Amino acid sequence: MLEDMLRDRLVCGINEDSIQRRLLGEATLTFKRALELSQGMEMAASNVKNIQKANSESCAVHQVTKEVAGKRGKAVECFRCGGTHYGNNCKFMETVCHNCNKKGHLAKKCRGPRSKPEGGRTGLGKFTAPKPQSAAHHLESTEEEDEHCSYNMFNVREPRAEPIYATVEVDGKQMRMEVDTGASASVISEETYKQKWGSRQVSALTPAGIRLRTYTGETIPLLGALEVNIAYNSQEARARLLVVKGNGPSLLGRDWLNKIQLSWGEIKHTRVTEDVIQKYPEIFKDELGTLQGTAVKLFVDPQAESRFFKPRTVPYAMKKKVEDELERLQEANVITPVQFSRWAAPIVPVLKSDGTVRICGDYKLTINRASKLDAYPLPRVEDLFATLAGGKTFSKLDMSHAYQQLLLDEDSKEYVTVNTHKGLFRYNRLVFGVASSPAIFQRTMDNLLQGIPHVAVYLDDILVTGETEEEHLHHLDQVLKRFSEAGLRLKRSKCTFQAQSVTYLGHKITAQGLCPVEDKVRAIKDAPNPKNGSELRSFLGMVNYYGKFLPELSTVLAPLYQLLHKDCKWKWGPAQEKAFKEVKALLQSAQLLVHFDQDKEIILSCDASPYGVGAVLSHQMEDGSERPIGFASRTLTSAEKGYSQLDKEGLAIVFAVKRFHQYLYGRHFTICTDHKPLMSLFSESRCIPPMASARLQRWALTLSAYQYTIVYRAGKDNANADALSRLPLPEMPATTVVPPETIFLMERLSNSPVNAKQIKQWTDRDP
Numbered sequence: 003m004l005e006d007m008l009r010d011r012l013v014c015g016i017n018e019d020s021i022q023r024r025l026l027g028e029a030t031l032t033f034k035r036a037l038e039l040s041q042g043m044e045m046a047a048s049n050v051k052n053i054q055k056a057n058s059e060s061c062a063v064h065q066v067t068k069e070v071a072g073k074r075g076k077a078v079e080c081f082r083c084g085g086t087h088y089g090n091n092c093k094f095m096e097t098v099c100h101n102c103n104k105k106g107h108l109a110k111k112c113r114g115p116r117s118k119p120e121g122g123r124t125g126l127g128k129f130t131a132p133k134p135q136s137a138a139h140h141l142e143s144t145e146e147e148d149e150h151c152s153y154n155m156f157n158v159r160e161p162r163a164e165p166i167y168a169t170v171e172v173d174g175k176q177m178r179m180e181v182d183t184g185a186s187a188s189v190i191s192e193e194t195y196k197q198k199w200g201s202r203q204v205s206a207l208t209p210a211g212i213r214l215r216t217y218t219g220e221t222i223p224l225l226g227a228l229e230v231n232i233a234y235n236s237q238e239a240r241a242r243l244l245v246v247k248g249n250g251p252s253l254l255g256r257d258w259l260n261k262i263q264l265s266w267g268e269i270k271h272t273r274v275t276e277d278v279i280q281k282y283p284e285i286f287k288d289e290l291g292t293l294q295g296t297a298v299k300l301f302v303d304p305q306a307e308s309r310f311f312k313p314r315t316v317p318y319a320m321k322k323k324v325e326d327e328l329e330r331l332q333e334a335n336v337i338t339p340v341q342f343s344r345w346a347a348p349i350v351p352v353l354k355s356d357g358t359v360r361i362c363g364d365y366k367l368t369i370n371r372a373s374k375l376d377a378y379p380l381p382r383v384e385d386l387f388a389t390l391a392g393g394k395t396f397s398k399l400d401m402s403h404a405y406q407q408l409l410l411d412e413d414s415k416e417y418v419t420v421n422t423h424k425g426l427f428r429y430n431r432l433v434f435g436v437a438s439s440p441a442i443f444q445r446t447m448d449n450l451l452q453g454i455p456h457v458a459v460y461l462d463d464i465l466v467t468g469e470t471e472e473e474h475l476h477h478l479d480q481v482l483k484r485f486s487e488a489g490l491r492l493k494r495s496k497c498t499f500q501a502q503s504v505t506y507l508g509h510k511i512t513a514q515g516l517c518p519v520e521d522k523v524r525a526i527k528d529a530p531n532p533k534n535g536s537e538l539r540s541f542l543g544m545v546n547y548y549g550k551f552l553p554e555l556s557t558v559l560a561p562l563y564q565l566l567h568k569d570c571k572w573k574w575g576p577a578q579e580k581a582f583k584e585v586k587a588l589l590q591s592a593q594l595l596v597h598f599d600q601d602k603e604i605i606l607s608c609d610a611s612p613y614g615v616g617a618v619l620s621h622q623m624e625d626g627s628e629r630p631i632g633f634a635s636r637t638l639t640s641a642e643k644g645y646s647q648l649d650k651e652g653l654a655i656v657f658a659v660k661r662f663h664q665y666l667y668g669r670h671f672t673i674c675t676d677h678k679p680l681m682s683l684f685s686e687s688r689c690i691p692p693m694a695s696a697r698l699q700r701w702a703l704t705l706s707a708y709q710y711t712i713v714y715r716a717g718k719d720n721a722n723a724d725a726l727s728r729l730p731l732p733e734m735p736a737t738t739v740v741p742p743e744t745i746f747l748m749e750r751l752s753n754s755p756v757n758a759k760q761i762k763q764w765t766d767r768d769p
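This is the structure in structure tokens:
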């Protein structure tokens with residue numbers, strides 16, 4: 003005990019910073035060892051001074067100097083740093099002292115009173131020796147005598163050494179961070195925090211419990227810390243992130259490196275790619291791009307009768323949000339108010355997850371009925387994949403507000419006029435929801451990027467590759483150059499550069515070729531075991547639906563059919579478990595699944611159960627049979643379980659269309675449902691009734707952007723989708739949008755003219 007106290011007293015009482023740091027760096031420090039080290043370092047420092055003094059005197063012999071007789075004496079000691087030179091020649095003239103905070107000298111030569119260390123303690127205290135660490139890094143973890151952890155932040159960098167960056171997904175957001183293997187903690191600036199977590203206040207941060215300092219001792223203001231989910235190359239972890247004031251680089255420290263393993267080959271690619279990207283910074287600006295030099299035209303039959311619809315009623319709770327969005331679109335020159343128009347479509351405001359609304363025109367019965375459908379074909383998937391053959395790595399580009407980057411010519415603007423409670427507004431740019439928009443956009447992109455090899459373009463999804471890394475970067479540079487010259491914009495957060503594999507048009511593409519995408523069959527792979535006879539019958543119905551493509555199916559299913567016998571008690575045993583797994587493997591096999599074919603008819607089968615929704619995307623083959631491309635299902639939320647059956651069936655359709663969007667958008671497909679009322683509500687040739695619920699109106703608007711035919715299929719013939727809805731995956735939607743009518747009701751409850759007590763009294767009076 004005495005030895006420990008003497009050791010602590012010795013270490014805390016040393017004034018020389020270099021000696022104290024040396025002692026604190028010892029992993030196991032005893033009093034004897036501390037005494038030997040401190041004495042040895044003091045002696046070494048004294049010897050160095052003597053040698054420097056001798057060298058200085060020997061050099062002075064060769065100088066021509068003029069001295070006043072009688073003035074020669076000992077060498078001058080600098081009052082700024084302690085060196086053997088005059089103060090007016092000292093390089094520390096502009097340095098700020100860390101003791102008194104005045105400029106012109108170092109802390110060791112400060113004549114002011116010594117400031118106490120942070121934490122308010124001096125003298126005795128428990129000393130905890132830290133673990134050995136790297137010497138050069140941004141963040142160095144230490145433990146001071148008050149056991150309050152602090153960090154010395156500094157940057158030792160060779161002038162020619164470029165920083166190494168890695169892109170990590172943090173709480174679902176892509177974040178580019180500088181890799182620092184010497185940093186003990188990961189740090190972002192206040193500016194980065196506000197950009198990535200704009201909706202969260204700084205006050206929401208938790209106390210960090212540590213201090214940050216620069217190498218020279220200045221304290222860095224620390225705002226706090228937050229717990230985040232990080233993901234990198236299929237690795238996921240929960241980690242702590244520190245937030246400091248200012249606008250410095252984001253650092254990826256050892257605490258995160260212990261949780262995720264970086265791909266250094268990919269990081270090398272990232273560094274090279276960043277050089278290419280930085281040549282065209284304007285492409286990634288957060289603004290709406292505009293295609294230069296051309297305007298697109300919508301072709302409408304001259305004999306077509308103009309169609310004008312009155313505005314739909316907007317719920318009071320959404321009026322202000324709709325007006326704000328109209329104002330924003332005006333400022334961005336997307337829409338222009340007009341007084342007269344022969345054409346007008348009603349709008350349906352769609353509430354987004356951030357609380358704002360998206361305004362969409364319901365063009366189903368206006369321009370889509372009267373315009374000539376642009377016949378420009380979308381590329382065949384096989385042709386796109388042939389373009390990518392031989393690629394080693396892949397860059398995927400995503401356009402920001404893709405359609406709205408194309409201007410409309412003057413004659414076409416009237417056809418996309420929308421009617422709102424604030425009057426008529428005419429779109430100046432190509433609009434999502436117009437039937438010809440996909441073909442027009444595809445033609446524009448093909449013309450823009452033609453001639454560049456190994457580039458696949460499918461609407462706003464662009465994939466770039468090359469047979470070598472140099473070729474890939476050259477093609478990427480050409481694409482970005484043309485985008486820059488054309489005035490178009492990309493969304494940086496959704497772009498992927500030089501990836502080993504990418505998912506494109508429902509296929510996973512690697513250097514080895516096409517691979518199956520797990521999401522397409524996950525609804526089958528992860529389907530839970532049936533818990534009763536009803537669920538088992540639904541599953542067997544789906545299996546038998548594809549029975550003719552699966553050999554020896556009856557033998558595999560025998561243990562499952564035994565549970566359906568009248569005299570058999572329900573008991574799920576090893577035989578049933580084995581059969582269930584074998585059948586699921588068959589349903590995922592190449593014997594059943596087919597690749598997406600642009601030329602074959604697409605059928606989307608949807609169904610809903612009391613607790614889930616399911617969908618199957620299929621091709622209709624030449625013999626009339628249906629072969630699945632992919633499966634999807636999910637569990638209903640507690641709110642969705644309270645929906646009417648009509649709304650549940652509608653939800654199943656919207657869920658399926660969104661899940662398989664890449665396959666469906668821009669081409670015709672058939673929706674199969676076993677709920678007849680949806681045939682009129684979601685009819686492609688009828689307008690949804692104004693009195694339909696706001697939820698159904700929003701769904702109808704979502705579907706209006708697609709070209710489909712909805713048909714009725716009896717439940718017994720819809721077994722493939724029915725089984726998935728009864729055995730859904732235990733996943734929920736990321737967010738559940740509260741219906742506008744519910745928001746309006748809740749806002750008005752406090753101002754209700756009657757209350758529950760009055761209603762009860764008046765109800766009691768009723769005979």
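The numbering of the sequence shown is my numbering, which starts it at 3 and goes up by one.
Ideal Cβ placement from N, Cα and C applies to all residues, glycine included.
Keep in mind it's a predicted model, so treat the numbers as computed, not measured.
Exposure of residue i, with buried meaning 16 or more beta-carbon neighbours within 10 Å
{"i": "SER48", "result": "exposed"}
{"i": "SER495", "result": "exposed"}
{"i": "SER188", "result": "buried"}
Three-way DSSP call (helix, strand, coil) for residue i in this model
{"i": "PHE434", "result": "coil"}
{"i": "GLY125", "result": "Confidence is the limiting factor: at GLY125 the pLDDT is only 34, short of 50, which leaves the residue's position unreliable, though a coordinate-based value still follows. GLY125 falls in the coil class under three-state DSSP."}
{"i": "HIS509", "result": "strand"}
{"i": "THR97", "result": "coil"}
{"i": "PRO283", "result": "helix"}
{"i": "SER191", "result": "strand"}
{"i": "LEU225", "result": "strand"}
{"i": "ILE369", "result": "helix"}
{"i": "PRO630", "result": "strand"}
{"i": "LYS374", "result": "coil"}
{"i": "ASN231", "result": "strand"}
{"i": "LEU207", "result": "coil"}
{"i": "GLN406", "result": "helix"}
{"i": "ALA696", "result": "helix"}
{"i": "LEU293", "result": "coil"}
Rounded Cβ spacing between residue i and residue j (contact assumed at less than 8 Å)
{"i": "GLY802", "j": "LEU328", "result": "This structure cannot settle anything about residue 802, because the visible part of the chain is limited to 3 through 769."}
{"i": "GLU469", "j": "GLY393", "result": "7 Å"}
{"i": "LEU224", "j": "ALA241", "result": "With a Cβ gap of about 17 Å, LEU224 and ALA241 do not count as contacting."}
{"i": "ILE690", "j": "ALA702", "result": "4 Å"}
{"i": "ASN421", "j": "PHE598", "result": "Not quite, the Cβ-Cβ distance comes to about 39 Å (not below 8 Å), so this is no contact."}
{"i": "VAL359", "j": "PRO348", "result": "No, VAL359 and PRO348 are not in contact; Cβ-Cβ is about 15 Å, not under 8 Å."}
{"i": "PHE657", "j": "VAL615", "result": "5 Å"}
{"i": "SER186", "j": "GLY255", "result": "6 Å"}
Cβ shell of residue i (< 8 Å), same chain only, five flanking positions each side left out
{"i": "LYS643", "result": "PRO612, TYR613"}
{"i": "GLU192", "result": "VAL204, LEU225, VAL245, VAL246, LYS247, GLY248, ASN249"}
{"i": "TYR563", "result": "LEU542"}
{"i": "ARG661", "result": "ALA617, ALA634"}
Residue range of the unbroken beta strand (DSSP E) whose run includes residue i
{"i": "HIS621", "result": "614 to 622"}
{"i": "ARG428", "result": "425 to 429"}
{"i": "GLN709", "result": "709 to 714"}
{"i": "LEU465", "result": "463 to 467"}
{"i": "ASP609", "result": "604 to 611"}
{"i": "PRO348", "result": "347 to 353"}
{"i": "GLY250", "result": "Premise fails: GLY250 is in no beta strand (DSSP E) and is neither H nor E."}
{"i": "SER397", "result": "396 to 400"}
{"i": "MET681", "result": "Note, MET681: premise wrong, no beta strand (DSSP E); alpha helix (DSSP H) at 679 to 683."}
Other residues of its chain near residue i: CB distance less than 7 Å, five sequence neighbours each side excluded
{"i": "GLY89", "result": "CYS80, PHE81, ARG82"}
{"i": "ALA437", "result": "ASN370, SER373, LEU375, GLN709"}
{"i": "GLU651", "result": "ALA610, THR675, HIS677, LEU680"}
{"i": "GLU18", "result": "none"}
Neighbourhood of residue i by C-beta, 6 Å cutoff - its chain only, sequence neighbours within 5 removed
{"i": "GLN600", "result": "ARG382, VAL383"}
Residue range of the alpha helix (DSSP H) that includes residue i
{"i": "MET7", "result": "4 to 15"}
{"i": "ASP326", "result": "318 to 333"}
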